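Note that the numbering used here has the sequence shown beginning at 1, numbered continuously upward.
No residue lacks a Cβ here, since even glycine has one placed at the ideal position from N, Cα and C.
Fair warning: this is a prediction, and the values are worked out from it, not measured in the lab.
Right, one structure below, let's go through it.
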Amino acid sequence: MDERNQICITSVCAAVCQLMGFAAPAEADDTNPAVMRKAEKIFAGRRAERILLYNPDAIALWLYQKYTDRFIPVIENSNVAMPMLSVMPSVTPVCFASMYTGLQPQKHGIQAYVKPVLRVETLFDAAIKAGKKPVIISTRGDSITEIFKERNMTYIECDTPDECNEKTEEILKQDLYDIVVCYNANFDSTMHRWGPEAEESLAQIDHNARAYHHLSSLADEVWKDKDHVCAFLPDHGCHEIDGNLGSHGLDMREDMNIIHFWSLVGKIG
Ligand SMILES: [Zn+2]
């Protein structure tokens, strides 16, 4: 069996724009209808004022199916879970470019493991045009910072994923940004070295699940008087290869099928 999930990660861009009430990039793929239906119910026609986008690298759908208990901290802080389809080649810069431009790789231009600055319109350009303030918090030199550079926004580059999470915590408490993106590479780097199901790698899933739980709980506290959204959005999956190593990049179910979690929270009062 080689089933593929229906909804592509290119729908994330328009979903974020629509949730926050500004125009998506003209060429972006359609929004995610399930997330929007949930938004109608939670926000009753209002727009989300703030959003936290947590991007753990390489968390596959099959890992969620096989090790569901490790995702309980994510499930606890979510009210939508969506099986999602990644893009090809299923490597980090290609996938984040698609997620945050709403475009397939042939259209945004990154079609291999390279990290050029994107010249097409991105979520961040659309947000800035609408007067929103985005920030990307990432480990230094990683795709998600490099390809979205040269915009009038803030980039915070850290030495480790844990430092990214500490910085995100600070940023949330200061509440100076409307769109907060936090990238965590720890599972990806561990699974390449040890294989996706090694105890070392599974411990990194726990780490990401707890990090999302912690950051989204903090966001719920800091943004309690604002309609807001938190999301757990991996870029692609992974599979085991010879030698107990891990890999991704192929057009196969394990690499292409992922899961996204969303938490849509209406303001109190
Ligand atoms: Zn990746």
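| Residues near S98 by beta carbon distance below 7 angstroms, same chain, minus five either side | Indexing the sequence shown from 1 puts residue 98 at position 98. Within the same chain, S98 has close Cβ partners I9, T10, V87, Q104, P105 and H108.
| query | Nearest to V229 by CA position, among T31, A14 and A39, is which residue? | reply | What you label residue 229 is simply residue 229 of the sequence shown in a count that begins at 1. Ranking T31, A14 and A39 by Cα distance to V229 puts A39 first.
| message | Taking the alpha carbon of D242 as the reference point, which residue from A48, W194, D30 and K41 has its own alpha carbon closest? | response | The count along the sequence shown starts at 1 and reaches residue 242 at position 242. Here the closest residue by C-alpha is W194.
| Between the beta-carbon of I179 and the beta-carbon of A127, is there less than 8 angstroms? | Taking the first residue of the sequence shown as 1, we reach residue 179 at position 179. Taking the first residue of the sequence shown as 1, we reach residue 127 at position 127. Contact: yes.
| Cβ-Cβ separation, L215 to C182 (assumed contact under 8 angstroms), whole Å | In the sequence shown, residue 182 corresponds to position 182, counting from 1. In the sequence shown, residue 215 corresponds to position 215, counting from 1. So it is a contact: roughly 7 angstroms between Cβ atoms.
| said: Taking 7 angstroms as the cut-off, is the C-beta of T276 nearer than that to any heavy atom in ligand 1? | reply: With the chain covering only 1 through 269, there is no way to say anything about residue 276.
| field | M256 versus L61, A219, G266 and A44, residue with shortest Cα-Cα distance | value | Taking the sequence shown and counting its residues from 1, the one referred to as residue 256 is at position 256. Of the listed residues, the one whose Cα sits closest to M256 is L61.
| said: Contact defined as beta carbons within less than 8 angstroms: I believe L233 pairs with H260. What is the distance between those atoms, to the nearest angstrom? | reply: Here residue 233 is taken as the residue at index 233 of the sequence shown, counted from 1. Here residue 260 is taken as the residue at index 260 of the sequence shown, counted from 1. Indeed they touch by this definition, with Cβ atoms about 5 angstroms apart.
| message | Given a cut-off of 8 angstroms on the beta-carbon distance, is the pair T31 and A48 in contact? | response | Walking along the sequence shown from the start, residue 31 turns up at place 31. Walking along the sequence shown from the start, residue 48 turns up at place 48. Not in contact: T31 and A48 (Cβ atoms no closer than 8 angstroms).
| query | Would you report the Cα separation of F71 and A211, rounded to the nearest angstrom? | reply | On the sequence shown, position 71 is the one that residue 71 refers to. On the sequence shown, position 211 is the one that residue 211 refers to. Distance between the alpha carbons of F71 and A211: 11 angstroms.
| Inter-residue spacing [alpha-carbon to alpha-carbon] between P161 and T168 | Within the sequence shown, numbered from 1, the residue matching residue 161 stands at position 161. Within the sequence shown, numbered from 1, the residue matching residue 168 stands at position 168. Rounded to the nearest angstrom, the two C-alpha atoms are 10 angstroms apart.
| request: Assign F22 to one of three DSSP states: helix, strand, or coil. | output: For this step, residue 22 is matched to residue 22 along the sequence shown. Correct three-state label for F22: coil.
| request: Helix, strand or coil for A203, going by three-state DSSP, please let me know. | output: Against the sequence shown, residue 203 aligns to sequence position 203. If DSSP states are grouped into helix, strand and coil, A203 belongs with the helices.
| task | For the beta strand (DSSP E) containing I241, list its first residue and its last residue. | result | Working through the sequence shown from its first residue, we reach residue 241 at position 241. First-last of the beta strand (DSSP E) with I241: H239 to I241.
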